[in-house]
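K.L.:
Here it is, the structure, as structure tokens.
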Amino acid sequence: MFNATNKLKLITIIIILPLLINTGCSYNKHMESKEGDLDSVVVTSNSEHEENLHVINSTYENINEKVQKQEDIYGITWLSEESIVAFVKGNPDEWYGQMYIWQVGETEPTLIDDKEYRICELIPSPDHQYFLADIGTSIQRIGSIVSIEDKVTIDTFGCIGTGFWSPDSEWLIFGQLSDIKPKIDIELDGTVDLVKYNIKTKEIIVLEEGTSDYYFTLIKQVEDGTIIYAKAYYESDELDEEGKIHF
């Protein structure tokens, strides 16, 4: 019998789907972090990766051929006019592994972190000074910012879905979990605000505040850098009041 309880459950399922638009991947394990703690999303793996990433003549062509032929590499992302490549080495089928950066002229890549994470995507900044690693297995995820020049992780933060870069590479826009509880039960413990994060100062500015009645979700970024977002009400299966963030 399709009673009010069943209807509410159906609505809950429907309204949470827009939050998955930018997550990039899903998995049957449930790992979350509210504070952006990478240790909370380490994947325990029994796989032993071959340490065969080496070239004698370090050119773009040789490095690209090497990483493209490796069956345990995914997320290959060339940067800075094909002088640097970032990638994940691990298990492409289950989307987990370790992050590497390989610069043309170097015979071997640099390992960013010796732990394995569930990494969905590497998203370079427009100036190719950083990339954002989209990490996690559920709607509630972790963003990890890696410095290309220093080849280290410089910060991590909790986010809802993935994020978008500003055209000047100084800001990231993403959804952030709020302390305000939604009026119906969903996967998240709170509603979702829309925020922007400064790469250099680590300042977080709230752009739009969610409430117990509605949350905010990113839709897409268009060619000029403008970000399209929407307000979504918990008791409706449609997105509402589309907005734009200009830079």
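All the letters of the sequence shown, read from the start, carry residue numbers 37 to 283 under our numbering.
Heads up, the beta-carbon is just placed ideally off N, CA and C, and yes, glycines get one too.
#1: Smallest Cα separation from N234: which of S205, S183, N88 and I112?
#2: Please list the terminal residues of the continuous beta strand (DSSP E) segment that includes V103.
#3: If you follow the beta strand (DSSP E) that K232 is in, where does it begin and where does it stop?
#4: Starting from the Cα of K256, find the closest Cα among A266, E157 and T247 and give me that residue.
#5: Would I178 and I171 qualify as a contact pair, given that the criterion is a beta-carbon distance under 8 Å?
#6: Can the beta-carbon of L213 be found less than 8 Å from the beta-carbon of G226?
#7: Excluding sequence positions up to five away, which residues of its chain have a Cβ less than 8 Å from the Cβ of T247?
#8: Going straight from the alpha carbon of P162 to that of W138, what length do you get?
#9: Indicate whether I112 and Y132 have their beta-carbon atoms separated by less than 8 Å.
#10: Is the Cβ-Cβ distance between T198 and E157 less than 8 Å?
#11: Is it the case that the Cβ atoms of I148 and V188 are separated by a distance below 8 Å?
#12: Taking the runs of the beta strand (DSSP E) that are 3 residues or longer, which of them lie wholly in the region 121-150?
#13: What did DSSP end up calling Q165 once you bin it into helix, strand or coil?
#14: What is the residue span of the beta strand (DSSP E) that K256 lies within?
#15: How big is the Cα-Cα spacing for A268 and G279?
#16: DSSP three-state call for K70: helix, strand or coil?
#17: For A169 and D129, what's the separation of their Cα atoms in angstroms?
#18: For V140, which residues from the same chain have a beta carbon less than 8 Å from its beta carbon, with the 5 sequence-adjacent residues on both sides left out?
#19: Under three-state DSSP, which class holds K280?
#20: What is the rounded straight-line gap between the Cα of T192 and the Cα of D186?
#21: Can you tell me which of the three DSSP states S180 falls into?
#22: List the DSSP bridge partners of C156.
P.N.:
Looking at the atomic coordinates:
#1: Residue numbering aside, residue 234 sits at position 198 when the sequence shown is read from its first letter. The residue from S205, S183, N88 and I112 with its alpha-carbon nearest to that of N234 is S205.
#2: Working through the sequence shown from its first residue, we reach residue 103 at position 67. Careful: V103 lies outside any beta strand (DSSP E), inside the alpha helix (DSSP H) at Y96 to K105.
#3: Walking along the sequence shown from the start, residue 232 turns up at place 196. Element bounds for K232: V228 to N234.
#4: As a position in the sequence shown, residue 256 is number 220, starting the count at 1. For K256, the nearest C-alpha among the options comes from A266.
#5: To locate residue 178, count along the sequence shown from 1; it is residue 142. To locate residue 171, count along the sequence shown from 1; it is residue 135. For I178 and I171, yes; Cβs fall inside 8 Å.
#6: As a first step, residue 213 is located in the sequence shown; it is residue number 177 there, counting from the start. As a first step, residue 226 is located in the sequence shown; it is residue number 190 there, counting from the start. Contact flag set, yes.
#7: Here residue 247 corresponds to residue number 211 of the sequence shown, with the count starting at 1. Cβ neighbours of T247 beyond the five flanking positions: I216 and T227.
#8: Along the sequence shown, read from residue 1 onward, the residue named residue 162 stands at position 126. Along the sequence shown, read from residue 1 onward, the residue named residue 138 stands at position 102. Cα-Cα distance, rounded: 19 Å.
#9: Sequence index remark: in the sequence shown, residue 112 carries index 76 (1-based). Sequence index remark: in the sequence shown, residue 132 carries index 96 (1-based). Contact: no.
#10: Mapped onto the sequence shown, residue 198 falls at position 162. Mapped onto the sequence shown, residue 157 falls at position 121. In this structure, E157 lies closer than 8 Å to T198 by Cβ.
#11: Within the sequence shown, numbered from 1, the residue matching residue 148 stands at position 112. Within the sequence shown, numbered from 1, the residue matching residue 188 stands at position 152. For I148 and V188, yes; Cβs fall inside 8 Å.
#12: 132-139
#13: For the purposes of this step, residue 165 is identified with residue 129 of the sequence shown, where counting begins at 1. Of the three classes helix, strand and coil, the one that applies to Q165 here is coil, per DSSP.
#14: Taking the sequence shown and counting its residues from 1, the one referred to as residue 256 is at position 220. Run containing K256: Y250 to Q257, per the beta strand (DSSP E) assignment.
#15: By one-based count along the sequence shown, residue 268 stands at place 232. By one-based count along the sequence shown, residue 279 stands at place 243. Cα to Cα, A268 sits roughly 12 Å from G279.
#16: Residue mapping note: residue 70 aligns to position 34 of the sequence shown, counting from 1. Here K70 scores only 44 on pLDDT, less than 50, and its place in the model is too uncertain to base an answer on.
#17: As a first step, residue 169 must be located in the sequence shown, where it is residue number 133. As a first step, residue 129 must be located in the sequence shown, where it is residue number 93. Whole-angstrom Cα-Cα distance: 18 Å.
#18: Position 104 of the sequence shown, counted from the first residue, corresponds to residue 140. Answer for V140: S94, T95, Y96, I99, E118, S119 and I120, listed in chain order.
#19: Along the sequence shown, read from residue 1 onward, the residue named residue 280 stands at position 244. When DSSP states are grouped into helix, strand and coil, K280 belongs to the strand group.
#20: On the sequence shown, residue 192 is found 156 positions in, with the first residue counted as 1. On the sequence shown, residue 186 is found 150 positions in, with the first residue counted as 1. Looking at the two C-alpha atoms, the distance is approximately 16 Å.
#21: Translated into positions along the sequence shown, residue 180 becomes position 144. Three-state DSSP puts S180 in a strand.
#22: In the sequence shown, the residue the question calls residue 156 occupies position 120. C156 is not bridged to any residue.
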